[in-house]
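Colleague:
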RNA sequence: GCGACGGUCGUCCAGUUUGGUCUAGGACAUCAGAUUGCCAAUCUGGUAACCCGGGUUCAAAUCCCGGCCGUCGCACCA
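In the working numbering, the protein residues as written are 79 to 566.
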């Protein structure tokens, strides 16, 4: 059974990921490290993302700061909207989201942005008590999910970014000019974001410090259906989950039937689906779920979550948000910069709208591991069926025995390949044991150097999933590996 | 953040009820040597742990208190 526990166990045993600072007893929840194997998988995932999304669509990529000034988050709305009013019980310490709690108890609609004084007044007026123990509340306070940092000796107020996209927004003007941009322009970034989660849980699934890969598509809102390259993806099958029912539909039909608002949104959602299908996720266990109004982020006008089914239920991997001009208009207003650009197709000035694909990398890695985990009961083995592009090791190189010159021959082949391919040399233990160890970390191939190698310069290549073996020439190894890696 | 339960080698578990025999044991994994040589073979030897801090006691893995972490439930999830 592929469960969270079995994947977690493998991750700990094989160095995929593990808790941060674990040798100290005051290690904090919500922080995890990628070990050597996990780092390779993560890097491979990001490289595949670059290949299948950025290069395919000629996107540009930046790498921005993680600490950003206060004004950025005034403009983005995070200082207001990212802050929850909290009621804390004096007696048992239970905390409640103040606005929702008051609404729930009194039936009154309470705006989220109510001041602390007004909240305390309502609490007194209705004589609200703690739901757990009937205790009285402290004065209401605010909890901000952003990590605040102090810069320099004057302790200038700044924040760790809670989403990577803000750097793309604030850099937009310069990027557009220096890169001779034209709408639609997709700008991508991979990096860390930070959120002070109240209850981080389940290792990579809810972290306080986590990786995002975000793509922000700047577009002319009047030309969302003027997108010739949509032709390339119009037949892509998408699973749309709307109003509690799933439908499998082509990108073109989805636009025609109004399930997706326009070609631009459909185009990028199609690219995203194509990318994930290459990571080894089981696509029949994924869907784009349309968010209802009360689920949407405060900046989104249309929102789909790309979700994957795991042993814990459906998990959000990617937020696909049509953010309209929310971000650029706010940044333009607060920074007093003009962020309009010219659309040369009709020489009009526009403030671009933004459609974003905001991917959670850590969750994606976990989901790929879980979907790849396979217990082969017949052969009594655990196999991680990672695709070659994601696997931390592409091929293991094993001398069948260490005598008769086989060790030296194997080391020679290893040296020949190691600069160009992720290979792994191993001569310890029986050959079967080495195969087992290799497939447990998802390596799809093994090359075995045997006595015949010494006579005719061929090796066996063993396929992880079928356990079948073939002989290939040593001089052909690179060609065979290239074919595998570069397969479409 | 609240509540319940839990935390012992890399992993899984025994030991805690009833403090002493625990100098903490086993299995798997791992390392070295021997032997074998195409699917986790065998033998020998080794490395390796009581979450942290305080308390009770002649004596603490074991009892008590606090912290941290984990699982689950509630709440939260921009």
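Don't be surprised by glycine CBs; every beta carbon is placed ideally from N, CA and C. None of these values were measured; they are calculated from a predicted model.
So for residue 266, helix, strand or coil by DSSP?
Modeller: strand
Colleague: Cβ of residue 366 within 8 Å of Cβ of residue 353?
Modeller: By the CB criterion at 8 Å, residue 366 and residue 353 fall outside the cutoff.
Colleague: If we ignore side chains and look at the alpha-carbon of each, how far apart do residue 136 and residue 102 end up?
Modeller: 45 Å
Colleague: Measure the alpha-carbon distance for residue 421 versus residue 258 and round it to whole angstroms.
Modeller: 12 Å
Colleague: What residues are listed by DSSP as bridge partners for residue 156?
Modeller: Answer is none; residue 156 lacks a bridge partner.
Colleague: I'd like the ranges of any beta strand (DSSP E) spanning at least 3 consecutive residues and lying wholly in the segment 339–387.
Modeller: 364–368
Colleague: Quick check on the DSSP output: the alpha helix (DSSP H) that includes residue 116 runs from which residue to which?
Modeller: 114–127
Colleague: Return the first residue and the last residue of the beta strand (DSSP E) that residue 438 is part of.
Modeller: 431–438
Colleague: Going by other Cβ atoms of all chains shown within 10 Å of its Cβ, with 16 needed for buried, is residue 204 buried or exposed?
Modeller: It is exposed - the Cβ of residue 204 has fewer than 16 other Cβ atoms within 10 Å.
Colleague: Looking at residue 419: is its Cβ nearer than 8 Å to the Cβ of residue 254?
Modeller: Contact flag set, yes.
Colleague: Distance, Cα to Cα, residue 520 vs residue 557?
Modeller: 21 Å
Colleague: Three-state secondary structure (DSSP) at residue 221?
Modeller: strand
Colleague: Starting from the C-beta of residue 409, find all residues in its chain whose C-beta is less than 7 Å away, skip the five residues before and the five after it, and write them out in chain order.
Modeller: Cβ neighbours of residue 409 beyond the five flanking positions: 153, 247, 248 and 417.
Colleague: Who are the near neighbours of residue 308 in its chain, counting only those whose CB is closer than 6 Å to its CB and skipping five residues on each side?
Modeller: 341 and 345
Colleague: Do the CB positions of residue 272 and residue 221 come within less than 8 Å of each other?
Modeller: A distance of 8 Å or more separates the beta carbons of residue 272 and residue 221.
Colleague: Rounded to the nearest angstrom, how far is the Cβ of residue 402 from that of residue 431, given a contact under 8 Å?
Modeller: Indeed, because the Cβ distance is near 5 Å, the residues count as touching under 8 Å.
Colleague: Kindly identify the DSSP beta-bridge partner or partners of residue 579.
Modeller: It is not possible to answer for residue 579, since the shown part of the chain is limited to 79 through 566.
Colleague: Where DSSP assigns a beta bridge to residue 82, which residues make up the other side?
Modeller: According to DSSP, residue 82 bridges with nothing at all.
Colleague: For residue 398, which three-state DSSP category applies?
Modeller: strand
Colleague: State the DSSP-derived secondary structure class of residue 107, mapped to helix, strand or coil.
Modeller: coil
Colleague: DSSP three-state call for residue 473: helix, strand or coil?
Modeller: strand
Colleague: Taking the beta strand (DSSP E) that residue 138 falls in, what are its first and last residues?
Modeller: 138–140
Colleague: What is the residue span of the alpha helix (DSSP H) that residue 485 lies within?
Modeller: 484–495
Colleague: Can you list, in chain order, the residues of its chain whose CB lies under 7 Å from that of residue 404, leaving out five sequence neighbours each side?
Modeller: 377
Colleague: Report buried or exposed for residue 470, applying the criterion of at least 16 other Cβ atoms within 10 angstroms of its Cβ.
Modeller: buried
Colleague: With distances taken between CB atoms, is the gap from residue 475 to residue 525 smaller than 8 Å?
Modeller: yes
Colleague: According to DSSP, simplified to helix, strand and coil, what is residue 557?
Modeller: helix
Colleague: Skipping 5 residues on each side, what residues in its chain have a beta carbon closer than 8 Å to that of residue 324?
Modeller: 317, 318 and 365
Colleague: Taking 8 Å as the limit between beta carbons, can you name the residues of its chain near residue 227, skipping five residues before and five after?
Modeller: 145, 236, 237 and 238
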